[in-house]
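Student: Per the working numbering, the very first residue in the sequence shown carries number 9; after that it's consecutive.
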Amino acid sequence: MKRFLFLFITICLLVLPVLASAEVRTYTEIVTVRIDDDEYTARKKAEQRAREQALEHYLRDVYPDRAATLNLTGDEKYIKDLEILESSTEGMFSKELKAKIRVTINEEAVRSYLKRQGAVTGKNEERRIVVMIIPGKMDTGDAPMILDNVRAEVRRSLTAAEYTVIDSDDDAVNQALTEEPDYNRMVQHINKIADELADKGEWLVLGKVDVSVAPAGSAYVYRAMMTGKTVSLASRDLMWEGNPDGVARASKEEAKAAIRLAAIAGGKAFAKEVVNALNTKTLTQERRGARFEVVLPTAGNYRLERKLLKLLGQDIIGLKNVSQKNRGKGNMVVDLYYAGKISDLVDLLMDNFEKDSQLANWNPEIQGNRVVFR
């Protein structure tokens with residue numbers, strides 16, 4: 009009996025700290041929403057607002073350093089439980105629903121989301137995507153709010169598709185946006201931008217948001233018009249370009265909410281097209297290869313150039329379409345297609361160069377989609 013009691017006490021001492029650490033985060037939110045149609049619709053709006061508020065409070069409590077840059081948009085998958093504790097309607101002509109709602113956070117889902125946002129290893133480490141969203145024409149004057157919602161939705165959608173997002177929170181990305189952003193100018197200098205961000209990821213997404221408001225009968229149509237393109241940071245290949253829209257319809261009094269909904273819809277449509285394009289074109293790129301430029305320090309030595317072309321022309325797995333861009337002047341520059349990552353190409357070239365005493369001492373440096381040997 010004594011042994012049993014001792015064993016029972018030991019198990020309790022081991023289990024209690026675990027139970028105590030598994031704290032359930034529950035928030036009680038007070039929300040007020042206008043009743044436009046019926047009480048059922050108003051209750052659904054109140055529940056959505058309570059989710060958003062609870063997630064904001066949770067992020068501020070648990071992840072204070074990241075709360076300002078995250079927006080989980082009240083997605084149901086981040087909520088474990090929701091219960092309306094009290095509700096009442098007020099007003100005679102303009103009715104409002106006031107509700108007290110208890111919300112329990114699904115911490116595991118939030119942690120999974122944050123893991124995809126931060127330092128991720130394995131699969132996601134090779135799926136890093138740099139996102140730059142800038143303002144275009146804004147008829148509403150709410151540019152910061154619109155951009156925040158578009159960026160949040162793009163981030164959420166891309167991370168849900170297992171991409172690791174690097175955006176304006178990153179110093180290097182923010183530095184590239186220090187000047188007043190102009191989409192057409194950024195497109196013209198996209199290779200330069202790609203050079204600056206080449207070590208940050210595999211793809212660059214550049215997007216612009218234009219917002220328009222137009223009357224439609226007794227209401228208004230609010231439209232977030234997205235313009236963008238995605239390029240491979242290694243090869244500069246165009247992976248996608250398009251013009252998806254986000255639309256919301258509401259009265260003038262609900263303009264702010266409608267603009268937000270249009271921005272979220274625009275960000276969601278934008279991210280969906282990017283993901284669809286990458287999921288199909290990257291498979292094609294893996295089959296046909298990406299274009300890279302290799303600079304070799306031959307100093308105009310014709311015999312050495314011939315030796316290198318012969319070596320590169322051998323049956324090397326993944327390497328194809330080798331062509332020399334210059335002849336007999338300074339360093340040798342070669343264009344080639346390789347089915348794989350640029351780091352793998354460097355390893356492949358090094359393995360072959362090490363077999364030759366004349367080439368064994370060359371050291372490579374990766375510069376965007378270029379490999380420079382010295």
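Just so it is clear, CB atoms sit at the ideal spot from N, CA and C, and this is done for glycine as well. Just so it is clear, the structure is predicted and the values come from calculations on it, not from any experiment.
Have a look at W211, Y346, A222 and flag the residue whose alpha-carbon is nearest the alpha-carbon of V283.
Tutor: Comparing Cα-Cα distances from V283 to each of W211, Y346, A222, the minimum goes to W211.
Student: Would you decide whether L67 is buried or exposed? Buried here means 16 or more other CB atoms lie within 10 Å of its CB.
Tutor: L67 comes out buried.
Student: Would you mind reading off the limits of the beta strand (DSSP E) that contains Y48?
Tutor: Here Y48 belongs to no beta strand (DSSP E); instead the alpha helix (DSSP H) covers 47-70.
Student: Drop a sphere of 10 angstroms on the beta-carbon of E37, count the other beta-carbons inside from all chains shown, and report buried for 16 or more, exposed for fewer.
Tutor: Counting Cβ neighbours within 10 Å, E37 comes out buried, since at least 16 surround it.
Student: Nearest CA to the CA of L367: which residue from R382, E91, I374?
Tutor: Comparing Cα-Cα distances from L367 to each of R382, E91, I374, the minimum goes to R382.
Student: CA-CA distance, I141 and A256?
Tutor: Taking the straight line joining both Cα atoms gives about 20 Å.
Student: Are the CB atoms of Y346 and G326 within a distance shorter than 8 Å?
Tutor: It is a contact, given that the beta carbons lie within the stated cut-off.
Student: So the candidates are K103, L246, A273, Q56; which of them puts its Cα closest to the Cα of D89?
Tutor: D89 has its Cα closest to that of Q56, out of K103, L246, A273, Q56.
Student: My assumption, with CB atoms under 8 Å, is that Y48 sits in contact with L63. Please give the rounded CB distance.
Tutor: Rounded, the Cβ-Cβ distance is 23 Å, inconsistent with contact.
Student: Please name the residue in L353, G215, Y71 whose C-alpha comes closest to that of T277.
Tutor: In the sequence under discussion, the amino acid at residue 277 is Ala, which differs from the Thr named in the question. Nearest C-alpha to A277: G215.
Student: At a cut of 8 Å, does the stretch 262-282 reach the stretch 212-232 through at least three beta carbon pairs?
Tutor: In short, these stretches touch, since the Cβ pair count reaches three.
Student: Using only the alpha-carbon positions, how far apart do M233 and V139 sit?
Tutor: When rounded, the distance between both Cα atoms is 17 Å.
Student: DSSP state of A107, grouped into three classes?
Tutor: Note: A107 maps to strand in three-state DSSP.
Student: For the candidate residues R135, R42, D190, K200, whose alpha-carbon lies nearest to that of E170?
Tutor: Among R135, R42, D190, K200, the Cα nearest to that of E170 belongs to R135.
Student: Excluding the 5 residues preceding and the 5 following K145 in the sequence, name in chain order all residues of the same chain whose CB lies nearer than 6 Å to its CB.
Tutor: Excluding positions up to five away in sequence, the list reads D218.
Student: Name the DSSP bridge partner or partners of K216?
Tutor: Bridge partners of K216: I142, T235.
Student: Since F381 sits in a beta bridge, which residues does DSSP pair it with?
Tutor: Per DSSP, P372.
Student: Spatial neighbours of S243 within its chain, please: CB distance less than 6 Å, with the 5 preceding and 5 following residues excluded, ordered by chain position.
Tutor: The residues are A298, R299, N377.
Student: Hey, out of K103, Q61, D83, whose CA is closest to V41's CA?
Tutor: Out of K103, Q61, D83, K103 has the C-alpha closest to the C-alpha of V41.
Student: According to DSSP, is D207 helix, strand or coil?
Tutor: In the structure shown, D207 sits in coil (DSSP, three-state: anything other than H, G, I, E or B).
Student: Going straight from the alpha carbon of G274 to that of L155, what length do you get?
Tutor: Distance between the alpha carbons of G274 and L155 is about 11 Å.
Student: Give me the residue from I43, P223, V302, D83 with the minimum Cα distance to I350.
Tutor: Checked all of I43, P223, V302, D83; the closest Cα to I350 is V302.
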